[in-house]
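To start, the structure under review is shown below, and the notes come after it.
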Amino acid sequence: MSSFDETITENIAASLAEIPHPSLPKGSNIYGGTKIFPDYQAENGESYFTLVHGIAHESSVSFVAVLQATRALRKGFESAMYFYGPGAINCLATRGFPTTGDSGFPGEQNINNSLETFISEGGTVFCCRFGLALHGGREEDLIEGVIPAHPLDVQDALIHYARKGAIINSTYMV
């Protein structure tokens, strides 16, 4: 342990005593729980389409997009996701450390696990082949059930879902 002179030691003790820690015990509510909008469910034939252009675990918006698409699926929407550009990395089953599927840090496989759940519950996942190529991914590295798609399909998929009247959620990492 570092050794400090008496003044620094006293200042450390004073700093620690200024505000009690923890200020609230674990489990204390610090936010209200009132939901403003109704819990909408899909009406017959409604679709929810998500575009993802963000890198796994460097873009929390990518993970949230998967969770939102899954929630829409569970609400009865036909739910599809399209990963393109750096977002294609999210679809790789070969991510992990020290071996594929392992988590080098807690949560590393969150997106993989959530995509597998989404697909198993009936969601559709497209992944741009060009996005894969740009980042060294191969089609055989995709999570089972992910559909490889031509780069020109990004725009046409968007047009397809827009013409269906889908709710479109477009996420993008800056």
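Here the sequence shown stands for residues 0 to 173, where the numbers follow numbering that gives the first Met the number 0.
We treat Cβ as the ideally placed atom computed from N, Cα and C, and that holds for glycine.
Shown here, V63 sits in a helix according to DSSP, grouped into three states.
A Cβ-Cβ separation of about 10 Å leaves V63 out of contact with I110 under the 8 Å criterion. Shown here, V124 sits in a strand according to DSSP, grouped into three states. Assignment of beta-bridge partners to N112 by DSSP yields no partner. Collapsing the DSSP output to three states places S119 in a helix. Residue G164 holds the alpha-carbon nearest to the alpha-carbon of S46 among A55, G164, T170 and D152. Counting of Cβ neighbours within 10 angstroms places G53 among the buried residues, the total reaching 16 or more. The continuous stretches of alpha helix (DSSP H) do not include I146, which lies in the beta strand (DSSP E) extending over residues I146 to A148. Contact fails between the stretch 151-168 and the stretch 97-110, because fewer than three Cβ pairs, one in each stretch, are under 8 Å apart.
Taking a cut-off of 8 Å on C-beta distances, the stretch 80-92 touches the stretch 118-130, as three or more cross pairs fall below it. Around the beta carbon of A13, a 10 Å sphere encloses fewer than 16 other beta carbons of the protein chains shown; the residue is thus reported as exposed.
The Cβ neighbour count for G136, taken over all protein chains shown within 10 Å, is at least 16; the residue is labelled buried. A straight-line Cα-Cα distance of about 27 Å links A71 and S102.
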